[in-house]
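Down below is the structure, laid out as structure tokens.
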Amino acid sequence: WVSKTTLAYVNHKCVPIDDVDNAIHAKARNMFLDRWGLTDVITLEGTDDAKKESAEYEAKLKAIPESVLPRDEDGYPIFDLCLIGVGDDGHIGSLYPNR
Numbered sequence: 014w015v016s017k018t019t020l021a022y023v024n025h026k027c028v029p030i031d032d033v034d035n036a037i038h039a040k041a042r043n044m045f046l047d048r049w050g051l052t053d054v055i056t057l058e059g060t061d062d063a064k065k066e067s068a069e070y071e072a073k074l075k076a077i078p079e080s081v082l083p084r085d086e087d088g089y090p091i092f093d094l095c096l097i098g099v100g101d102d103g104h105i106g107s108l109y110p111n112r
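Here this note's numbering is used: position 42 in the sequence shown is 55, and no number is missing along the way.
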């Protein structure tokens, strides 16, 4: 199953990619990615330039081959499963209540 899995994050932060306290990818690597051997992961680069990170992330999503994931009408991949957690304050993804 690992060879057929592509992981893309919803809740990214512009923090260093190896920041275990704040970077989603660093947390996921520690919790399960390294153990599972999952390597097809779409991540941010870990800079503090949100506009650049956003544009590069969009390009990475659109660069996923259609043989891996089909596309919608805007060229974005269609994922088979979306697993979204809810934060302690009730946020989902990067959508925070009362902000």
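Even glycine gets a Cβ: it sits at the ideal position worked out from N, Cα and C.
In three-state DSSP terms, what is residue i?
i, result
"Arg48", "helix"
"Ile105", "strand"
"Val28", "coil"
Can you find the residues in the same chain that come closer than 7 Å, C-beta to C-beta, to residue i, ignoring five residues on each side of it along the sequence?
i, result
"Lys73", "Ile55"
"Asp87", "none"
"Ile97", "Val23, Ile105 and Gly106"
For my contact list, residue i and residue j are in at a C-beta cut-off of 8 Å; report their separation, rounded to the angstrom.
i, j, result
"Ala39", "Asp31", "5 Å"
Using the beta-carbon count (16 or more within 10 Å), is residue i buried or exposed?
i, result
"Leu57", "buried"
"Ala68", "exposed"
"Ala76", "exposed"
Using a Cβ-Cβ cutoff of less than 6 Å, which residues in the same chain neighbour residue i once the five nearest sequence positions on both sides are dropped?
i, result
"Cys27", "Asp61, Ala63 and Glu66"
In the DSSP output, which residue or residues are listed as bridge partners for residue i?
i, result
"Arg84", "Pro90"
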